[in-house]
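Numbering (this note's numbering), first residue to last: 3 to 138.
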Amino acid sequence: MINFNYETEFELASEAGISKWIADSIKHEEYKLEEINYIFCDDDYLYNLNVEFLKHDTLTDIISFDYSIGKLIQGDIYISVDRVRDNALEYDVDFDEEMCRVIIHGVLHYCGYKDKTDDEAKQMRSKENFYLSRLK
Numbered sequence: 003m004i005n006f007n008y009e010t011e012f013e014l015a016s017e018a019g020i021s022k023w024i025a026d027s028i029k030h031e032e033y034k035l036e037e038i039n040y041i042f043c044d045d046d047y048l049y050n051l052n053v054e055f056l057k058h059d060t061l062t063d064i065i066s067f068d069y070s071i072g073k074l075i076q077g078d079i080y081i082s083v084d085r086v087r088d089n090a091l092e093y094d095v096d097f098d099e100e101m102c103r104v105i106i107h108g109v110l111h112y113c114g115y116k117d118k119t120d121d122e123a124k125q126m127r128s129k130e131n132f133y134l135s136r137l138k
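Take a look at the structure:
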């Protein structure tokens, strides 16, 4: 089950389509979807979570709390719509594309992909691009 929650003035255009895409992506990675809660919020909301739970005094576009057990995916993914909008402008990409990139980024973390090193980040970006190409 995938749930979308909105703590800011934003709504996905096609929750059903995005849900199917996420579920198909998880299946393709040979994991099983239990439950993911997406919470779309603003910079202040996510900043406060970042400070409180991760002790990071910075803005970020996504924070994911992973409750997965083995190959069973479950967790909460918080996304700052403000950061996604700014990143789309900075990287000169469409807002919806950047939002979908961030949406799948959280899922890929749940599937075991990391992005701390250069090699990990390259693999993560490659996976994001692969799944974005399957959305279109």
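Where a beta carbon is used, it is the ideal one built from N, C-alpha and C, also for glycine.
Bear in mind that the values here come from a model prediction, so they are computed numbers and not experimental data.
Problem - For N89 and I65, the rounded distance between their alpha carbons - result: Here residue 65 refers to the residue found at position 63 of the sequence shown. Here residue 89 refers to the residue found at position 87 of the sequence shown. Rounded to the nearest angstrom, the two C-alpha atoms are 16 Å apart.
Exercise for the section: Let me know the secondary structure DSSP gives D59 once reduced to three states. Expected result: Counted from its first residue, the sequence shown places residue 59 at position 57. Three-state result, D59: coil.
Exercise for the section: Taking the CB atoms as reference points, tell me whether G77 and I38 lie closer together than 9 Å. Expected result: Counting from one through the sequence shown, the residue named residue 77 turns up at place 75. Counting from one through the sequence shown, the residue named residue 38 turns up at place 36. It is a contact, given that the beta carbons lie within the stated cut-off.
Exercise for the section: Keeping to the same chain, check which residues put their C-beta closer than 7 Å to that of D59; ignore five residues upstream and five downstream. Expected result: Residue mapping note: residue 59 aligns to position 57 of the sequence shown, counting from 1. Counting only Cβ-Cβ distances below 7 Å, and skipping sequence neighbours, we find V53.
Handout entry: Reduced DSSP category for L35 - H, G, I as helix; E, B as strand; rest coil
Key = The residue given as residue 35 occupies position 33 in the sequence shown. L35 falls in the strand class under three-state DSSP.
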